[in-house]
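Student:
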Amino acid sequence: MATIPVEQVEARLSGVRCPICKNNAFVVDRRTVQTDGECKGVCSTCRYSFPVHTDMEFYLRTQPDVPYRLKEIPCPGCMNRGVALDFRIVMSVREAFYFVTCNACQKAFPEQSFLESFD
Ligand SMILES: [Zn+2]
Ligand SMILES: [Zn+2]
Numbered sequence: 024m025a026t027i028p029v030e031q032v033e034a035r036l037s038g039v040r041c042p043i044c045k046n047n048a049f050v051v052d053r054r055t056v057q058t059d060g061e062c063k064g065v066c067s068t069c070r071y072s073f074p075v076h077t078d079m080e081f082y083l084r085t086q087p088d089v090p091y092r093l094k095e096i097p098c099p100g101c102m103n104r105g106v107a108l109d110f111r112i113v114m115s116v117r118e119a120f121y122f123v124t125c126n127a128c129q130k131a132f133p134e135q136s137f138l139e140s141f142d
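Sequential numbering from 24 applies to the sequence shown in our numbering.
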């Protein structure tokens, strides 16, 4: 199963802010890493933690609308539409993010989730 390495998850989490302390430094708690791609992200400052989901193959199979929405997401770098989903997080009851990569220019960026599908 091709899931994104935790180091990459940590690096890309700096693109979003902690809902509690508003800092943007996070680590993945290595003890929480599951074989199915679930783990927990932890704020380096206030220790706030939230679920990280990296098995996007499974997610896209169970959420058939998502691939269509991904085609509509504009890239802030090149303005083309269409991204690949790398992983997602549920930051709080109000905020979920998709971490995506532009198909055209390979720019990686976080996109606030449009589905608000919390689990
Ligand atoms: Zn925090
Ligand atoms: Zn782009």
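Using N, Cα and C, we set each Cβ at its ideal position, and we do this for glycine too.
Closer than 8 Å by C-beta to Ser72: which residues in its own chain qualify, once you throw out the five before and the five after it? Chain order, please.
Tutor: The residue labelled residue 72 in the question sits at position 49 within the sequence shown. Asp52, Lys63, Gly64, Val65 and Cys66, listed in sequence order.
Student: Closer than 6 Å between the C-beta and any heavy atom of ligand 2: which residues qualify, listed along the chain?
Tutor: Cys98, Gly100, Cys101, Asn103, Cys125, Ala127, Cys128 and Lys130
Student: Exposed or buried, which one is Ile96 when buried takes at least 16 other CB atoms within 10 Å?
Tutor: Position 73 of the sequence shown, counted from the first residue, corresponds to residue 96. Buried.
Student: Can you tell me the Cβ-Cβ gap for Asp78 and Thr26, rounded? I've got them flagged as a contact below 8 Å.
Tutor: As a first step, residue 78 is located in the sequence shown; it is residue number 55 there, counting from the start. As a first step, residue 26 is located in the sequence shown; it is residue number 3 there, counting from the start. That pair is a contact at about 6 Å.
Student: Give the residues whose C-beta lies closer than 5 Å to at least one heavy atom of ligand 1, in chain order.
Tutor: Cys41, Ile43, Cys44, Cys66, Thr68, Cys69 and Tyr71
Student: Are the region 123-134 and the region 42-56 touching, with three or more C-beta to C-beta distances below 8 Å?
Tutor: no
Student: List the DSSP bridge partners of Gly100.
Tutor: Along the sequence shown, one-based indexing puts residue 100 at 77. According to DSSP, Gly100 bridges with nothing at all.
Student: I'd like the list of long-range same chain contacts for Phe122, defined as Cβ closer than 6 Å, with 5 residues on each side in sequence excluded.
Tutor: If you number the sequence shown from 1, residue 122 lands on position 99. Correct list, in chain order: Arg35, Asp109, Phe110 and Pro133.
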